[in-house]
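K.L.:
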Amino acid sequence: MAHVAWLTLKGAKQGLISGGCNTKDSMGNRYQETHTDQITVLACHYSLSKLPNQHGVHHDGIQITKPKDKASPLLATAFARKEYLEGSIDFYRTNDRGHYERFYSVAFQKAVICEVTDMSPHAVHSPGEDMHEMITFRYKGVQWEHFPCGTLAYDGWTDANSLAAMAPPLSTAERYAEQIKEMVQAEKTAERQAAKAQQSWQKSVLPEKPETEEEKKTVPQRFARSVTVPDGTCEVGMQRESLSGIGLYAAYALAIERTGEQVLSRVAGQALAELPGMMMKVLGRAGILAALAPTKMGDGTLYTEDEIRQQDMVKTNIRLGFDASGQLYGYHVDGDSIPKRTVTQNGDKFEVTLEEGLTIEWVPLSGDFGGQPILVNPIPELESHDIWIHPQADQGKEFEKTYITPVADADLKDYILVFPADTGLPPLYVVFKGSARDEPGVVTGQGEDMTGIWLEKAGEELGSPVPSQIADKLRGQRFSSFDKFRKAFWLAVSEDRQLKTQFIGNNIDRMSKGYAPRARKKDSVGKRQSFEIHHVEEIQHGGKVYDVDNLRVLTPQRHIDIHKGNK
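Read in order, the letters of the sequence shown correspond to residues 1 to 567 in the UniProt record's numbering.
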């Protein structure tokens, strides 16, 4: 049996294109109140193809058929301006209890509209048909998800595991719980509609009465709240629930671009904090950053964007944190106040300072930008399982090898970001975790005795080890960050009589100021022109940050090759 599907669509410039599409003004008497901010999809078609000897998969565009509605002019604008879009099409069916349930979705990222076809039916030959249009999207990433069975797959231009299953099937108990949840939600929707109809009837036949003080009380509001508590309330969640039910999320990890700049590279979730044609630079000690955009509730319990802009501190019932390995999890809290930060435009870039010593910038992609950045702090297997929001009773316990630090002891670094209106980005909750490179430590290790030219092998295999005389000089010293150690390392080299004779005058001057010496031009890549220190056992895998026996000196080109897997 065919059912109508529903499309949620957001533009990089125009924001929520599907907002208000299923209202009476937009759809006439065919509007659906429960899908106010979604586009009605009458038909959907897409296909994948692959020739016998072809390595990659060919993705045809996703074509939808939809009625003429409020979004039609906005879609035409997106088509004309080649605006990047993100969307999710929800498909419904009738379950074994006779209820209408969402069971499947197709989501796409970095999409553009490649074709718009308007259809106005013949007034005589097809009197029962309405005006409609066919829209075709081409995308750079696509995700399929079957909700009752818990299976999910993703494919994109940078994804090496095409169509890999991302989640195991739900158990029978979990499927039953999902069905009950759908049934309860349907009953709540029916009750709200009946109550609204009753109120409308009463207003039409009864004289209006002045509001009492009790009636004037406003609904409590939060930035995000549990979806398991009663509608119209902001009670604290008492159950463990999935972050995906709260809203859209994204996770970014610190990476090194080919230019040598530190950037935030998205490793999971949706493109919540990204601007077309720009990369996210980080100035400071953020190693991992997560972002959350809550789903609209429709009951007035979540702040509007305008309300958030008017506040310095924003209350929320959901907070996120990281464990020692970088695994993301969340907390149910009771209206914790989170500081708001405003992203501002400065020339051709956008920027925001979260706190002293930590700034995020969105800068235009330069000609030197290209290729996959080298991740410094990848988040472990973030998309292979649910991210859980834990109630108070769970805190201080371990779930799935993740210890849930009590929120009072977690020292969370979280903020609410608001963006300029013309970016189209919604307010975001963000939380960051510093890199292990920014944590203090004491130098250990013996180094190796050197003969010949020290950096002669810096462009080969694992590079050149730390000389034993440098290890002897630095061993036992404590540094507040690896950057401070790096400066002390090169200063020690510049002061060593044996080693300094192997460098030209300009490089000796650089090292005496704590800077790495320049490599040969053929060993440089873009703006990465100096020798670099590499951890043999990566920090993310438990490698010791300040153990000189875990360090090697490499040319920029060799460093990039190693992290690409060309060892």
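Virtual Cβ for every residue (Gly too), placed ideally from N, Cα, C.
Alpha helix (DSSP H) containing residue 505: first to last residue?
P.N.:
505 to 512
K.L.:
Taking all protein chains shown into account, do 16 or more other C-beta atoms lie within 10 angstroms of the C-beta of residue 304, making it buried, or fewer, making it exposed?
P.N.:
Sixteen is the threshold: since fewer than 16 other Cβ atoms of the shown chains lie within 10 Å of the Cβ of residue 304, the residue is exposed.
K.L.:
Would you report the Cα separation of residue 382 and residue 327, rounded to the nearest angstrom?
P.N.:
Because residue 382 sits at a pLDDT of 49, beneath the cut-off of 50, its placement in the model cannot be relied upon, and the following sentence gives the value as read from the coordinates. A straight line joining the alpha-carbon of residue 382 with that of residue 327 spans about 7 Å.
K.L.:
Using a Cβ-Cβ cut-off of 8 Å (strictly less than) and excluding sequence neighbours within five positions of residue 492, which residues of its own chain qualify?
P.N.:
470, 473 and 474
K.L.:
Give the secondary structure of residue 545 by DSSP, where H, G and I count as helix, E and B as strand, and everything else as coil.
P.N.:
coil
K.L.:
Would you decide whether residue 89 is buried or exposed? Buried here means 16 or more other CB atoms lie within 10 Å of its CB.
P.N.:
buried
K.L.:
Does the distance from the CB of residue 364 to the CB of residue 277 come in under 9 Å?
P.N.:
yes
K.L.:
Going by alpha carbons, who is nearest to residue 355 out of 393, 282 and 390?
P.N.:
282
K.L.:
Assuming residue 307 is part of the alpha helix (DSSP H), what are its boundary residues?
P.N.:
Going by DSSP, residue 307 is part of the alpha helix (DSSP H) stretching over 305 to 309.
K.L.:
The beta strand (DSSP E) that contains residue 484, what's its start and end?
P.N.:
Where residue 484 is concerned, there is no enclosing beta strand (DSSP E), although the alpha helix (DSSP H) it sits in stretches over 482 to 495.
K.L.:
To the nearest angstrom, report how far apart residue 333 and residue 268 are at their CA atoms.
P.N.:
25 Å
K.L.:
Given this structure, state the Cα-to-Cα distance separating residue 111 from residue 142, to the nearest angstrom.
P.N.:
9 Å
K.L.:
Measuring CA to CA, which of 301, 310, 556 and 266 is closest to residue 290?
P.N.:
266
K.L.:
Can you tell which of 130, 27 and 346 has its C-alpha closest to the C-alpha of residue 419?
P.N.:
346
K.L.:
Quick one: grab the DSSP three-state call for residue 573.
P.N.:
No answer is possible for residue 573: it lies beyond the span of the chain, which begins at 1 and ends at 567.
K.L.:
Excluding the five sequence neighbours on either side, which residues of its own chain have a C-beta within less than 7 Å of the C-beta of residue 465, listed in chain order?
P.N.:
447, 448 and 552
K.L.:
If contact is defined by three or more beta carbon pairs under 8 Å, each pair taking one atom from either stretch, is the stretch 130 to 146 in contact with the stretch 105 to 119?
P.N.:
yes
K.L.:
What whole-angstrom Cβ distance do residue 417 and residue 352 have, given they're in contact under 8 Å?
P.N.:
6 Å
K.L.:
According to DSSP, is residue 27 helix, strand or coil?
P.N.:
helix
K.L.:
Would you mind stating whether residue 390 and residue 240 have Cβ atoms separated by less than 9 Å?
P.N.:
yes
K.L.:
Excluding sequence positions up to five away, which residues of its chain have a Cβ less than 8 Å from the Cβ of residue 532?
P.N.:
516, 553, 554, 555, 556 and 559
K.L.:
Nearest-angstrom Cα distance between residue 479 and residue 262?
P.N.:
21 Å
K.L.:
Any contact between the stretch 400 to 414 and the stretch 246 to 257? By contact I mean 3 or more CB pairs, one from each, below 8 Å.
P.N.:
no
K.L.:
Using the rule of at least 16 other Cβ atoms within 10 Å of the residue's Cβ for burial, across every protein chain shown, is residue 38 buried or exposed?
P.N.:
buried
K.L.:
When the Cα of residue 70 is compared with those of 40, 81 and 430, which residue comes out closest?
P.N.:
40
K.L.:
Among all the DSSP beta bridges, which residues are the ones paired with residue 345?
P.N.:
350
K.L.:
With three or more C-beta pairs closer than 8 Å as the rule, is the stretch 292 to 308 touching the stretch 115 to 126?
P.N.:
no
K.L.:
Using CA atoms only, rank isn't needed, just tell me which of 343, 57, 50 and 61 is closest to residue 44.
P.N.:
61
K.L.:
Quick one: give me the first and last residue of the alpha helix (DSSP H) that residue 79 is part of.
P.N.:
71 to 81
K.L.:
For a quick check, are the C-beta atoms of residue 273 and residue 425 less than 9 Å apart?
P.N.:
Cβ distance < 9 Å, so residue 273 and residue 425 count as in contact.
K.L.:
Using CA coordinates, which residue listed in 146, 433 and 463 is at the minimum distance from residue 535?
P.N.:
463
K.L.:
How should residue 48 be labelled, buried or exposed, when 16 other C-beta atoms within 10 angstroms of its C-beta is the threshold for buried?
P.N.:
exposed
K.L.:
Does the distance from the CB of residue 482 to the CB of residue 441 come in under 9 Å?
P.N.:
yes
K.L.:
According to the neighbour-count rule (16 or more other Cβ atoms, all chains shown, within 10 Å of its Cβ), is residue 453 buried or exposed?
P.N.:
exposed
K.L.:
Who are residue 116's beta bridge partners in DSSP?
P.N.:
In the DSSP output, where bridge partners are listed per residue, residue 116 has 135.
K.L.:
Check the C-beta distance from residue 5 over to residue 92 and give it rounded, since I have them as a contact under 8 Å.
P.N.:
7 Å
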